[in-house]
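> Converting from the sequence shown to my numbering requires adding 1 to each position, the first position being numbered 1.
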Amino acid sequence: MQSWEKYTPQMLSILRIVTCLIFILHATQKLWGFPGPPASGKLPDAMTLSWFAAMIEITLGPLLLVGIFALVRLHSVGRDGIRLLDRTFSAQLLADPEPG
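#1: Please state if the CB of residue 26 and the CB of residue 38 are separated by a distance shorter than 9 Å.
#2: Please determine if the stretch 3-22 and the stretch 60-67 are in contact, where contact requires at least 3 C-beta pairs separated by less than 8 Å.
#3: Between residue 55 and residue 31, how many whole angstroms is the CB-CB distance? I'm expecting something under 8 Å.
#4: Using 10 angstroms around the beta-carbon of residue 24, count the other beta-carbons present and answer buried if the total reaches 16, otherwise exposed.
#5: Using beta-carbon positions only, say whether residue 59 and residue 29 come within less than 9 Å of one another.
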């Protein structure tokens, strides 16, 4: 089982991408009937509950794809964690001078 642990970041990225695509496809199906008509057979009227759900899905899908909740995770580590990350990245930038 340990051999799979090295693929965890890649698998999480694939999971995030697939989840975002499902959000986007579900929203386009509700709003425009693409890639197939909705189960009810008709498109939702504006300002109804399913219209709002589709708007949330079509907005949240791309935002999840670009990692909108990365800042929430960073905030969850607290101030000490942010300081540690800042020191780590600053040390890396100072240790690797620009070529030339």
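We put the CB at the ideal spot given by N, CA and C, even for glycine. Nothing here was measured: the structure is a model prediction, and the numbers come from that model.
This is what the structure holds:
#1: Here residue 38 refers to the residue found at position 37 when the sequence shown is read from its first residue. Here residue 26 refers to the residue found at position 25 when the sequence shown is read from its first residue. Their beta carbons are not under 9 Å apart, which means residue 38 does not touch residue 26 by this criterion.
#2: yes
#3: Within the sequence shown, numbered from 1, the residue matching residue 55 stands at position 54. Within the sequence shown, numbered from 1, the residue matching residue 31 stands at position 30. Contact holds; Cβ gap of about 4 Å.
#4: Position 23 of the sequence shown, counted from the first residue, corresponds to residue 24. Buried, since its Cβ has 16 or more Cβ neighbours within 10 Å.
#5: Along the sequence shown, one-based indexing puts residue 59 at 58. Along the sequence shown, one-based indexing puts residue 29 at 28. Yes.
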